[in-house]
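Here the structure comes first, spelled out in structure tokens, and everything after it is commentary.
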């Protein structure tokens, strides 16, 4: 029985894997897993970088899709979430159980260094070349921020709804980030701006329109509660806001030479579609694929949206003739944007 990865009904652990922990930046222990393809020789390896609040188990379905196509998959839980080390110590009060579940990071650069260490310690020594990357939401922001240093190690990069902006909620994104900065400056960075812990309902969720996949992902967290986290800390928001400003700077984007595919769901309720369009227009190494009707978590979406994303990924990775495969998949990059692949 696997004691590192967790299966639930309808979400079995993919075959032919190994899992464990590696040491990230500052000695933080991070859970990882490698899944081998049954096809030999393998076409390469895909590194999956998670979004906020995600875990390895959430990607089992996508991992099976990728390994069935001849690719190995390597992935890890980001620091502070999944079964990787949590960064906030519980308060003295025993009742303060939610404290360890707040999403938190001290420095955004810690995420980047963890990713580089994962590549150095786990992926490049043990996995098949070439290495590509699929990075979702917060993972996309991490990959974008680190990308100028990843050339030569990553051959292709896929960004799924990267966290390069924030939809207005009860208050504007600018106000949220300003409050997060203020809280961090006055020593309250390890506290969330909101302590609401209401359960997420399918009818009001902004992540996916696929009810079965939504319920599966909720079941993963309720079956293994240690996988879950709640609201992000003020420090997390402040660090992400600084990273968002940095990666949206054209001077940063010109330093990225890795061919990049940006998959942008047009009904994204977390990251504004306009923010993803802006990124693509200033990103010479990138091309934009917009998916009409899809919400934020396109790889957790209904088949009609998810299959468009998978077809584009398979056409783009691991460096096949993208133009021919793109046509075969019936997909086209956005006009007016760079078609560099």
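Residue numbers (full-length UniProt numbering): 1 to 341.
C-beta atoms are modelled at their ideal positions from N, C-alpha and C, and glycine is treated no differently.
(request) Indicate, with yes or no, if the ligand MG has a heavy atom lying under 8 angstroms from the CB of residue 306. (result) This structure lacks the ligand MG, and indeed carries no ligand of any kind.
(request) Evaluate residue 97 with the Cβ neighbour count: other Cβ atoms within 10 Å of its Cβ, from every protein chain shown; 16 or more gives buried, anything less gives exposed. (result) As a working note, residue 97 is residue 97 in the chain shown. Since pLDDT at residue 97 reaches only 49, below the 50 mark, its modelled position is unreliable, and no value is offered.
(message) Mapping the DSSP letters down to three states, classify residue 287 as helix, strand or coil.
(response) For the purposes of this step, residue 287 is identified with residue 287 of the chain shown, where counting begins at 1. Residue state, collapsed to three classes: strand.
(message) Threshold first: 3 residues or longer. Then list the beta strand (DSSP E) segments lying entirely within the region 79 to 143, N to C.
(response) 131 to 136
(request) Sort 32, 112, 54 and 40 by Cα distance to residue 74 and report the nearest one. (result) Locating residue 74 in the chain shown gives position 74, where the first residue counts as 1. Here the closest residue by C-alpha is 32.
(request) Assign residue 44 to one of three DSSP states: helix, strand, or coil. (result) Numbered from 1 along the chain shown, position 44 holds the residue referred to as residue 44. In this structure, residue 44 counts as strand in the three-state DSSP scheme.
(message) Please list the terminal residues of the continuous beta strand (DSSP E) segment that includes residue 158.
(response) Against the chain shown, residue 158 aligns to sequence position 158. Start and end: 156 to 160.
(message) Can you confirm whether the region 5 to 14 touches the region 47 to 61 when touching is taken to mean that 3 or more C-beta pairs between the two stretches lie within less than 8 angstroms?
(response) yes
(message) My output table needs one value for residue 260: the three-state DSSP class, helix, strand or coil.
(response) Taking the chain shown and counting its residues from 1, the one referred to as residue 260 is at position 260. Residue 260 falls in the strand class under three-state DSSP.
(message) Could you give the first and the last residue of the continuous alpha helix (DSSP H) run that contains residue 281?
(response) As a position in the chain shown, residue 281 is number 281, starting the count at 1. Note, residue 281: alpha helix (DSSP H), 273 to 281.
(message) Does residue 9 pass the burial test, meaning 16 or more other C-beta atoms within 10 Å, or should it be called exposed?
(response) Counting from 1 along the chain shown, the entry for residue 9 is found at position 9. Flag for residue 9 reads exposed.
(message) Quick check: what's the CA-CA separation for residue 35 versus residue 182?
(response) Stepping through the chain shown from its first residue, residue 35 is reached at position 35. Stepping through the chain shown from its first residue, residue 182 is reached at position 182. Taking the straight line joining both Cα atoms gives about 43 angstroms.
(request) Going by DSSP, name the residue or residues bridged to residue 18. (result) Against the chain shown, residue 18 aligns to sequence position 18. Bridge partners of residue 18: 34.
(request) Spell out the partners DSSP gives residue 72 in its beta bridges. (result) For the purposes of this step, residue 72 is taken as the residue at position 72 of the chain shown. BP columns for residue 72 point to 45.
(request) Rounded to whole angstroms, what's the CA-CA distance from residue 193 to residue 106? Just pull it up for me. (result) By one-based count along the chain shown, residue 193 stands at place 193. By one-based count along the chain shown, residue 106 stands at place 106. Cα-Cα distance, rounded: 16 angstroms.
(message) Less than 6 angstroms between C-beta atoms, sequence neighbours within five positions excluded: which residues of the same chain meet that for residue 274?
(response) Locating residue 274 in the chain shown gives position 274, where the first residue counts as 1. Nothing meets the Cβ criterion.
(message) Going by beta-carbon coordinates alone, are residue 52 and residue 78 separated by less than 9 angstroms?
(response) To locate residue 52, count along the chain shown from 1; it is residue 52. To locate residue 78, count along the chain shown from 1; it is residue 78. Yes, the pair counts as a contact, with Cβ atoms nearer than the cut-off.
(message) What would DSSP say about residue 294, mapped onto helix, strand or coil?
(response) As a first step, residue 294 must be located in the chain shown, where it is residue number 294. Residue 294 falls in the coil class under three-state DSSP.
(request) With a threshold of 16 other CB atoms inside 10 Å of the CB of residue 215, please say whether the residue is buried or exposed. (result) On the chain shown, position 215 is the one that residue 215 refers to. By the 10 Å Cβ count, residue 215 comes out exposed.
(message) Using only the alpha-carbon positions, how far apart do residue 221 and residue 211 sit?
(response) For the purposes of this step, residue 221 is taken as residue 221 along the chain shown, with counting starting at 1. For the purposes of this step, residue 211 is taken as residue 211 along the chain shown, with counting starting at 1. Between residue 221 and residue 211, the C-alpha separation is close to 16 angstroms.
(request) Measure from the alpha carbon of residue 272 to the alpha carbon of each residue in 154, 39, 161 and 119, then state which is nearest. (result) Taking the first residue of the chain shown as 1, we reach residue 272 at position 272. Of the listed residues, the one whose Cα sits closest to residue 272 is 161.
(request) Just confirm the distance between the C-beta atoms of residue 124 and residue 177, as a whole number of angstroms; I'd bet it's less than 8 angstroms. (result) Taking the chain shown and counting its residues from 1, the one referred to as residue 124 is at position 124. Taking the chain shown and counting its residues from 1, the one referred to as residue 177 is at position 177. The Cβ separation is near 35 angstroms, so there is no contact.
(message) Looking at the strands, I want to know which residues DSSP matches up with residue 232.
(response) In the chain shown, residue 232 corresponds to position 232, counting from 1. In DSSP, residue 232 forms a bridge with 103.
(message) Let me make sure I understand the geometry here. Which of 302, 303, 268 and 300 has the alpha-carbon closest to that of residue 290?
(response) Along the chain shown, one-based indexing puts residue 290 at 290. Out of 302, 303, 268 and 300, 268 has the C-alpha closest to the C-alpha of residue 290.
(request) Let me know if residue 40 comes out buried or exposed under the rule of 16 or more other beta-carbons within 10 Å of its beta-carbon. (result) Along the chain shown, read from residue 1 onward, the residue named residue 40 stands at position 40. Exposed, because fewer than 16 other Cβ atoms sit within 10 Å of the Cβ of residue 40.
(request) Decide if residue 199 is buried, meaning its Cβ has at least 16 other Cβ atoms within 10 Å, or exposed. (result) As a first step, residue 199 must be located in the chain shown, where it is residue number 199. Residue 199 is exposed by the Cβ-count criterion.
(request) Give every residue of the same chain whose Cβ lies closer than 7 angstroms to the Cβ of residue 104, excluding the five residues on either side of it in the sequence, and list them in chain order. (result) Within the chain shown, residue 104 is the residue found at index 104, counting from 1. Only 80, 87, 88, 190, 233, 235 and 236 meet the Cβ criterion.
(message) Measuring only the C-alpha atoms, how far is residue 163 from residue 311?
(response) Here residue 163 refers to the residue found at position 163 of the chain shown. Here residue 311 refers to the residue found at position 311 of the chain shown. Distance between the alpha carbons of residue 163 and residue 311 is about 22 angstroms.
(request) Rounded to whole angstroms, what's the CA-CA distance from residue 116 to residue 146? Just pull it up for me. (result) Sequence index remark: in the chain shown, residue 116 carries index 116 (1-based). Sequence index remark: in the chain shown, residue 146 carries index 146 (1-based). Roughly 8 angstroms between the two C-alpha positions.
(request) Check the DSSP bridge columns for residue 265 and list the partner residues they point to. (result) Taking the chain shown and counting its residues from 1, the one referred to as residue 265 is at position 265. Beta-bridge pairing links residue 265 to 291.
(request) Identify the continuous alpha helix (DSSP H) that holds residue 222 and give its terminal residues. (result) Here residue 222 refers to the residue found at position 222 when the chain shown is read from its first residue. Looking at the DSSP string, the run of the alpha helix (DSSP H) that includes residue 222 is 211 to 223.
(request) Look at the alpha carbon of residue 175 and the alpha carbon of residue 227, and state the distance between them as a whole number of angstroms. (result) In the chain shown, the residue the question calls residue 175 occupies position 175. In the chain shown, the residue the question calls residue 227 occupies position 227. Cα to Cα, the separation comes out at about 30 angstroms.
(message) Please state whether the Cβ-Cβ distance between residue 285 and residue 256 is less than 9 angstroms.
(response) Locating residue 285 in the chain shown gives position 285, counting from the first residue. Locating residue 256 in the chain shown gives position 256, counting from the first residue. A contact, by the Cβ cut-off of 9 angstroms.
(message) Mapping the DSSP letters down to three states, classify residue 308 as helix, strand or coil.
(response) Within the chain shown, residue 308 is the residue found at index 308, counting from 1. Three-state result, residue 308: helix.
(message) Going by beta-carbon coordinates alone, are residue 313 and residue 142 separated by less than 9 angstroms?
(response) Taking the chain shown and counting its residues from 1, the one referred to as residue 313 is at position 313. Taking the chain shown and counting its residues from 1, the one referred to as residue 142 is at position 142. Not a contact, by the Cβ cut-off of 9 angstroms.
(message) To the nearest angstrom, how far is the alpha carbon of residue 240 from that of residue 108?
(response) The residue labelled residue 240 in the question sits at position 240 within the chain shown. The residue labelled residue 108 in the question sits at position 108 within the chain shown. Cα to Cα, residue 240 sits roughly 7 angstroms from residue 108.
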